[in-house]
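Order-wise, the sequence lines are chains A and B. Position 57 of the first sequence, counting from 1, maps to 57 under the numbering used here, and the rest follow consecutively. Position 160 of the second sequence, counting from 1, maps to 160 under the numbering used here, and the rest follow consecutively. We put the beta carbon where it would ideally sit given N, CA and C, even for glycine. Note that the structure is a prediction, hence the values are computed from the model and not measured. A quick write-up on the structure given underneath.
There are 2 protein chains.
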Amino acid sequence: MEALQAHLSVTRRKHAAGQYLFRAGQAFRALHLVHAGTYKTCELADDGREKVTAFKMRGELVGAESIGLDTHACDAIALEDSETWELPYPAVMKAAAQLPWLQAQIHAALAAEIRCDRNWMLLLATLAAEPRVAAFLMHMAAKQARLGYSARHFILRMSRLDIASFLAIKHETVSRALSHLADLNYISVQRREVRVLDEDGLRGMATA
Amino acid sequence: MEALQAHLSVTRRKHAAGQYLFRAGQAFRALHLVHAGTYKTCELADDGREKVTAFKMRGELVGAESIGLDTHACDAIALEDSETWELPYPAVMKAAAQLPWLQAQIHAALAAEIRCDRNWMLLLATLAAEPRVAAFLMHMAAKQARLGYSARHFILRMSRLDIASFLAIKHETVSRALSHLADLNYISVQRREVRVLDEDGLRGMATA
DNA sequence: CGAAAGATTGAGGTGTATCAAGATCAGTGG
DNA sequence: CCACTGATCTTGATACACCTCAATCTTTCG
Chain A
1 MEALQAHLSV
11 TRRKHAAGQY
21 LFRAGQAFRA
31 LHLVHAGTYK
41 TCELADDGRE
51 KVTAFKMRGE
61 LVGAESIGLD
71 THACDAIALE
81 DSETWELPYP
91 AVMKAAAQLP
101 WLQAQIHAAL
111 AAEIRCDRNW
121 MLLLATLAAE
131 PRVAAFLMHM
141 AAKQARLGYS
151 ARHFILRMSR
161 LDIASFLAIK
171 HETVSRALSH
181 LADLNYISVQ
191 RREVRVLDED
201 GLRGMATA
Chain B
1 MEALQAHLSV
11 TRRKHAAGQY
21 LFRAGQAFRA
31 LHLVHAGTYK
41 TCELADDGRE
51 KVTAFKMRGE
61 LVGAESIGLD
71 THACDAIALE
81 DSETWELPYP
91 AVMKAAAQLP
101 WLQAQIHAAL
111 AAEIRCDRNW
121 MLLLATLAAE
131 PRVAAFLMHM
141 AAKQARLGYS
151 ARHFILRMSR
161 LDIASFLAIK
171 HETVSRALSH
181 LADLNYISVQ
191 RREVRVLDED
201 GLRGMATA
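In structure tokens:
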């Protein structure tokens with residue numbers, strides 16, 4: 001995905017914490033590749049119900065779910081000062097028509113998105129609150145590691161409320177789960193700073 | 001999607017009720033367009049946890065989530081005697097490279113899959129058991145209508161257990177919810193046969 | 001027909017939501 | 001710099017929706 005600049009014009013966009021990358025209903029014109037920082041995407045219902053559906057970091061694509069629509073299907077919001085590369089969708093399509101590897105990459109990225117969502121669906125459907133939180137922490141740790149940071153010590157960029165929404169529980173429950181995981185000495189938490197003390201313990205909690 | 005036969009070889013495959021279209025771990029070689037009947041897809045975890053992630057009927061694509069992988073990421077099972085058109089994936093890719101409209105269709109289909117999953121995630125995260133069941137019935141009714149059948153009277157092709165798994169509740173809870181919706185005279189149910197008596201009532205239940 | 005699978009209904013237990021009160025932190029303006 | 005304000009987080013007590021366990025009934029299929 002990183003060799004794209006050679007084939008199409010890429011615009012850098014910076015977003016302050018809390019700023020919208022796009023809102024549901026706005027015209028869909030481009031995909032966004034996260035270059036720095038963290039974003040969340042929020043699914044919205046007509047009646048006001050909403051849920052955080054994903055957290056996106058460097059190398060991940062935002063906005064793909066709106067392909068084929070005129071307007072965006074969800075909100076995307078920066079959780080900290082962040083930056084994306086904007087990839088105009090028509091240009092991407094044109095480039096993909098010329099470059100089989102790019103087409104394969106796009107298909108693969110969309111399919112991976114589906115698999116990721118379904119993994120979370122499975123997890124939310126089959127695990128209780130505390131295991132969900134444990135799995136979430138493991139997942140965040142893995143993401144950190146993939147980006148070259150420590151999987152043992154990291155900062156959660158999202159609020160308890162965001163985590164709660166993502167995990168389909170209440171924020172009080174997230175708080176309690178974190179406190180309990182700390183009591184068990186699997187982690188230490190201070191506000192948004194997390195330290196993983198016992199990875200095996202966490203893993204055990206996340207699958208049982 | 002129906003003009004595909006002109007551009008690539010399509011194999012018809014029949015499946016008896018309960019038969020696997022593919023299993024997780026089997027080689028991924030083709031997409032499958034449902035031509036008749038109903039299939040379910042099941043996401044599996046290493047430790048045995050599983051969840052029904054989708055029900056697919058005529059015109060819907062099965063297997064897209066495994067694009068980019070060597071092997072299938074989930075199970076797909078026929079719920080009744082059914083038939084698919086098998087679309088060899090390499091051939092699809094080749095055709096898409098020549099036909100921009102096909103490429104756009106594929107992107108759109110994958111994106112639509114993501115949006116559909118996220119709608120269910122939102123629903124499961126924000127609604128209680130009974131509204132989930134009501135929403136599920138409305139959804140099934142809409143699917144029936146789209147295929148030209150009655151949205152007022154239809155047969156559920158899946159068991160209570162399948163519905164329960166899909167909605168992330170227990171099958172007893174599904175049963176009770178259905179009974180209660182019948183008590184309210186929103187529907188009538190006998191086993192898998194459903195009649196919608198009060199669509200507005202159902203809709204109200206599904207969003208509150 | 002008999003056996004197994006699926007569906008319904010009841011009674012009781014439990015995990016999480018709800019409601020509420022403090023504590024801690026971040027940002028603002030005096 | 002500090003007081004002030006609002007947002008975020010933590011913790012407790014209670015309520016209730018759903019799960020669990022169990023029995024019964026119906027349908028399906030060999």
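Sixteen is the threshold: when 16 or more other Cβ atoms of the shown chains lie within 10 Å of the Cβ of residue 120/B, as they do, the residue is buried. DSSP places residue 89/A in the helix class (H, G or I) of the three-state scheme. The contact set of residue 103/B on chain A, defined by CB atoms closer than 8 Å, consists of 93, 96, 97 and 103 in chain order.
Among the residues of chain A, those whose CB is under 9 Å from the CB of residue 121/B are 43, 51, 53, 117, 120, 121, 124 and 168, following chain order. Annotation: residue 105/A is outside any beta strand (DSSP E); the continuous alpha helix (DSSP H) that includes it extends over 100-126. Counting of Cβ neighbours within 10 angstroms places residue 85/B among the buried residues, the total reaching 16 or more. Chain-ordered, the chain A residues with CB closer than 7 Å to the CB of residue 47/B read 207.
By the Cβ-count criterion, residue 153/A is exposed, with fewer than 16 other Cβ atoms from all chains shown falling within 10 Å of its own Cβ. Short of 7 Å from the beta carbon of residue 102/B, and not among the five residues preceding or following it, lie these beta carbons of its own chain, in chain order: 95 and 96. Contact between residue 68/B and residue 111/A holds: CB atoms are separated by about 5 Å, below the 8 Å threshold. Bridge partners of residue 154/A according to DSSP: 194/A. If you compare the alpha carbons of 40/A, 56/A, 187/A and 19/A with that of residue 144/A, the shortest gap goes to 56/A. Shortest Cα-Cα distance from residue 151/B to any of 124/B, 142/B and 181/B involves 142/B. Taking a Cβ-Cβ cut-off of 9 Å, the neighbours of residue 100/A in chain B comprise 93, 94 and 97, given in sequence order. Residue pairing by DSSP places residue 13/A opposite 84/A in a beta bridge. Within chain A, the residues 111, 114, 115 and 118 have their CB atoms less than 8 Å from the CB of residue 65/B, given in chain order. A Cβ-Cβ distance of about 6 Å is found for the pair residue 45/A and residue 122/B, placing them in contact under the 8 Å criterion. DSSP places residue 7/B in the coil class of the three-state scheme, outside both helix and strand. Chain A has a Cβ within less than 8 Å of the Cβ of residue 108/B.
Against chain B, a Cβ distance below 9 Å from residue 135/A picks out nothing, because the smallest value is about 11 Å. Assignment of beta strand (DSSP E) within the segment 13-38 of chain B, counting only whole runs of 3 or more residues, yields 20-22 and 30-36 in chain order. For residue 75/A, the beta-bridge partners assigned by DSSP are 42/A. Residue pairing by DSSP puts residue 188/A in a beta bridge opposite 195/A.
Excluding its 5 nearest sequence neighbours in each direction, residue 184/B has C-beta neighbours in its own chain below 7 Å: 201, listed in chain order.
DSSP places residue 60/A in the coil class of the three-state scheme, outside both helix and strand. Residue contact check for residue 142/B against chain A: no CB pair falls below 8 Å. The DSSP-derived three-state label of residue 51/A is strand.
The three-state secondary structure of residue 147/B, taken from DSSP, is coil. The beta carbon of residue 73/A sits closer than 8 Å to some beta carbon of chain B. Contact with chain B is absent for residue 204/A, since none of that chain's Cβ atoms lies less than 8 Å from the residue's Cβ.
Using a CB distance cut-off of 8 Å, residue 68/A counts as an interface residue toward chain B.
For residue 68/A, the three-state secondary structure derived from DSSP is coil. Going by C-alpha positions, residue 125/A is about 7 Å away from residue 51/B.
Look at the beta carbons and you see the segment 23-32 of chain B not touching the segment 125-136 of chain B: under three pairs across the two are nearer than 8 Å.
DSSP places residue 182/B in the uninterrupted alpha helix (DSSP H) bounded by 171-183.
For the set 12/B, 138/B, 170/B and 177/B, the Cα lying nearest the Cα of residue 199/B is the one of 138/B.
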